[in-house]
Structure formats: C-alpha cells, structure tokens
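Each remark here refers to the structure printed beneath this line.
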Amino acid sequence: MPEGPELHLSSLFINDSVKGLIFSGEIHKSDVSKNPTIKWDVPFYTITAESRGKEMKLWLEEYTPKEGTQAMPPQKISILFRFGMSGCFKLSSVDEIPKHSHLRFFTAKNNADTIQVLNFVDFRRFGKWEVNVDWGSDRGPCPITDYENFRHNIVNNLENPAFKNKAICEVLLNQKYFNGIGNYLRAEILFRSKIAPFDDAYNVLCDWKHAAFYPIKTENGAAPSNQDPLYLCHAICSEVLKLSGGYDVETGLKENGSFEKWLQCYQNPHMKSLTDRNKRTIWFDGEPGPLVPNDSNIRRPKTKRRIVENVVEKSVTGVKARKRNVVTESTELQASSRIPTRRSPRFAHVLELKGEQTL
DNA sequence: CGTCCACGTCTAC
DNA sequence: TAGACCTGGACGG
1 MPEGPELHLS
11 SLFINDSVKG
21 LIFSGEIHKS
31 DVSKNPTIKW
41 DVPFYTITAE
51 SRGKEMKLWL
61 EEYTPKEGTQ
71 AMPPQKISIL
81 FRFGMSGCFK
91 LSSVDEIPKH
101 SHLRFFTAKN
111 NADTIQVLNF
121 VDFRRFGKWE
131 VNVDWGSDRG
141 PCPITDYENF
151 RHNIVNNLEN
161 PAFKNKAICE
171 VLLNQKYFNG
181 IGNYLRAEIL
191 FRSKIAPFDD
201 AYNVLCDWKH
211 AAFYPIKTEN
221 GAAPSNQDPL
231 YLCHAICSEV
241 LKLSGGYDVE
251 TGLKENGSFE
261 KWLQCYQNPH
271 MKSLTDRNKR
281 TIWFDGEPGP
291 LVPNDSNIRR
301 PKTKRRIVEN
311 VVEKSVTGVK
321 ARKRNVVTES
331 TELQASSRIP
341 TRRSPRFAHV
351 LELKGEQTL
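So in UniProt numbering, spot 254 of the first sequence is number 254, and the numbers just go up one at a time.
As structure tokens, this is what we get:
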C-alpha cells in the first residue's frame, strides 16, 4: 500500500470521512505494538490529517462545544506516522475493529449515532508513530504537495555525493531527495521516462536540470513530452491519486483493481527485473544500464533455468513470444536478469489480455 | 509441510 | 552491507 500517493490518499480519506466527527476517550494502542502510548486526555477532540512524502501527520485538537467560552486556547497534539510496508487507516464500527488495528480513535457517544473507530491498521507492524515531532529531518520535500521545492532540492544539490556514481533506480529511493517514491513508483517513473534503471543518476538528472518545471506545450498544442523524471515523480503520483475516484481508500484503488490495471511496469511479468545494491527488485524494460551490481540476480540460480524454460514454453507464438525468448537469452549471458518466478495475481488481467492477443 | 517474496526503514557489526 | 523487524500469500514437494 504505502508510497507517497497512498499516504496522501490516507490524509484525504481522513479529512473527508472524519470531518464533523467528535472524538472522545483514550486512544487505544494494541498490546503487541511497540510504538508509544498516546497520552491525550481531553473531553472531546477533532482529527485532521496532512501528508508529506512517505509521512503523514494527524492533528488532534481539543473541541469545545460553545465557541468563545474556553479560558485557554484548545490543546493540540500531532502524531507523525510512517506506514512501513502495510500501514493504512480504516474507519470501522466498534464491533468490527479490523484485524491488526494497532491504534484506535473513538468517536464520542452521541444518542443516535453509533460509535465509530478510526484505526491505524498495519499487519506487518513496520509502521511507526511519534508524538509531537516535526517531519523527518532526513526527508525531502513532497513531490505531490510541494513539487517545486521537491525539484529545487534535487537540482540544487546534484553535486552531492548522493547523486555521484549511483544508479538512478537506487537514488530514486533516497528519501532525502525523493520522499514518497518507493519501489512501484521508481519502476513506473523510469519506464515512462525511458531511462535505464542502472544509468548514472548524476548524468541522467543533469540532463533535466534546466528543464521547465512542467512540460512545455508544443506550438501546435500537441501533448508535451513527459519524459522528465522529476516531473514524472509528481505527475505519476497525481495519476495514482486520481485512480481512487475520490478519497475512498477502502473501495478504491487497490481493492477494485484499478491500481493493478494502472501499473505498466512494476511486477509485470512481461518486464525484466534485477536486484539493486540493496537487494530490492527493480522492474524495467529494455537495457538495464551500466551500473548493474555484480551480484545482481544471483539469488535463486537453481530455479531460474527451469523458470526460463517454462516461460519460453508458455509463450507459444507471435512477436511477444520471440521477443521474450531473446530477452531471456541475452540476460542469461549477462547472468544478471531475473525472470519473474511467479506471476502476481495482480497481473492476471495482463495475462488475460495477452491471451486474447495471441489467439 | 517448506521457501521465497512483498508498496520500508533501522541499527549493529 | 547484512540482518532485523513482521504477517501472509503464492507456489513447490
């Protein structure tokens, strides 16, 4: 779930779904969570949210029913969340607290209305929260909400060692500059910009150093070229935000399949994949580029051969089948490409489409 | 049953 | 630059 767009959608979801709700009572933490207990003892409070890259802040503000009667300004605290690999927010009833809910905010009892619960759900528990802290100091501006500063922070710091002699696919995961970009976004960004994942990051980014913030329209009004990777960091996030069809994190996006259909490269069995220096899988098309680590893709050599044979066997006929064959052979020579060993259920639709094409 | 893999950090040698 | 931190789904035997 959670890269920049999901964090942003979560904040939109909370601001929308919790708008007008009054919360009350203590904030409940699961027994198993190692994150801090939140001491917050006011009769009533409201919740708002904001996101920045791969972080999200909740603001809790004391609610006083009658305006102007409070002697003191309302109390306020913030909770900074990082979602890890599986964190998300879900609204539920008291009777249907989701499994793996680790932090719960309860609405006040209110005659007619049933109590609702805002849950931080995180089945792998890599997610973290901290109370009353600022955004992570080692994280850059948000490509979604602060694109211009995001871009400045990169082009003004290109001489930093973070960009020197590094593969662009690895630099794209450096949250000091690419806060919010994760493994699926880097694949989609590089795929659309037609940049080889293991090209030198400094060289690549220097090419776009003086480009316009937004692609410039051609004179005849034709669509501008959108291959600027920095612009794509913003634009591709925006596409994901639009997919949900509103802020409905529950039924939108990942659960209705629109996200899977939107992905062009990530975990697509027709693409190539390699592991980067941090053993993270990068999905790509075409040439890998010069900075492929020596040990990339030697993780499961035993199964690889068998998988390659399976793939060729199943590729029946047609251009794609031949193309595929070439791909596997050339990467075998390099001893550095991984053929997806399983197809993700997420890509069932791709395979279906392919079936239609080859029939 | 077992192994591998997953939208991400962290920190310890 | 490994591992650690976690749960669970897909797949293999």
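Here a beta-carbon is modelled for each residue, glycine too, at the ideal position from N, C-alpha and C.
| request: Leaving out five residues on either side along the sequence, give the residues of the same chain with a beta carbon under 8 Å from the beta carbon of Ser225. | output: The sequence position of residue 225 within the first sequence is 225, counting from 1. For Ser225, where only same-chain residues beyond five positions count, the Cβ hits under 8 Å are Pro215.
| What distance in whole Å lies between the Cβ atoms of Leu274 and Asn297, which are believed to be in contact at a cut-off of 8 Å? | Position 297 of the first sequence, counted from the first residue, corresponds to residue 297. Position 274 of the first sequence, counted from the first residue, corresponds to residue 274. At roughly 5 Å, the Cβ-Cβ gap stays under 8 Å, so Asn297 and Leu274 are in contact.
| task | Report, in whole angstroms, the separation of the C-beta atoms of Asp285 and Phe191, which I expect to be a contact under 8 Å. | result | Taking the first sequence and counting its residues from 1, one reaches residue 285 at position 285. Taking the first sequence and counting its residues from 1, one reaches residue 191 at position 191. At roughly 6 Å, the Cβ-Cβ gap stays under 8 Å, so Asp285 and Phe191 are in contact.
| Element boundaries [alpha helix (DSSP H), containing Arg124] | Counting from 1 along the first sequence, the entry for residue 124 is found at position 124. Unbroken run through Arg124: none, as it is neither H nor E.
| said: On the DSSP bridge list, what partners appear for Trp129? | reply: Reading the first sequence from its first residue, position 129 is the one you call residue 129. Answer is Phe81, bridged to Trp129.
| field | Nearest-angstrom beta carbon gap, Glu55 and Phe81 [assumed within contact, 8 Å] | value | Here the question's residue 81 lines up with position 81 in the first sequence. Here the question's residue 55 lines up with position 55 in the first sequence. Contact holds; Cβ gap of about 7 Å.
| query | So, are the CB atoms of Ile27 and Phe150 less than 8 Å apart? | reply | If you number the first sequence from 1, residue 27 lands on position 27. If you number the first sequence from 1, residue 150 lands on position 150. Going by C-beta atoms, Ile27 is not nearer than 8 Å to Phe150.
| Spatial neighbours of Arg322 in its chain, beta-carbon cut-off 6 Å, leaving aside the 5 residues before and after | Along the first sequence, one-based indexing puts residue 322 at 322. Confidence at Arg322 is low in this model, with a pLDDT of 25, below 50, so its placement is unreliable and the value that follows should be read with caution. Correct list: empty, nothing qualifies.
| request: Give the DSSP-derived three-state secondary structure of Val94 in the structure shown. | output: By one-based count along the first sequence, residue 94 stands at place 94. Helix.
| field | Buried versus exposed call for Thr218 [16 or more other C-beta atoms within 10 Å across all chains shown] | value | Here the question's residue 218 lines up with position 218 in the first sequence. The residue in question, Thr218, is exposed, as its Cβ has fewer than 16 Cβ neighbours within 10 Å.
| request: Give the C-beta separation of Ile144 and Gly180 to the nearest angstrom, bearing in mind that I take them to be a contact with Cβ-Cβ under 8 Å. | output: Within the first sequence, the letter at position 144 stands for residue 144. Within the first sequence, the letter at position 180 stands for residue 180. Right, their Cβ atoms sit about 7 Å apart.
| Assigned exposure category for Gln116 - 16 Cβ within 10 Å defines buried | Residue mapping note: residue 116 aligns to position 116 of the first sequence, counting from 1. By the 10 Å Cβ count, Gln116 comes out buried.
| said: Can you tell me whether Leu118 is helix, strand or coil according to DSSP? | reply: For the purposes of this step, residue 118 is taken as residue 118 along the first sequence, with counting starting at 1. Looking at Leu118 - three-state DSSP - the assignment turns out to be strand.
| request: Give the DSSP-derived three-state secondary structure of Ala335 in the structure shown. | output: Position 335 of the first sequence, counted from the first residue, corresponds to residue 335. Because Ala335 sits at a pLDDT of 34, beneath the cut-off of 50, its placement in the model cannot be relied upon, and the following sentence gives the value as read from the coordinates. Reduced to three states, the DSSP call for Ala335 is coil.
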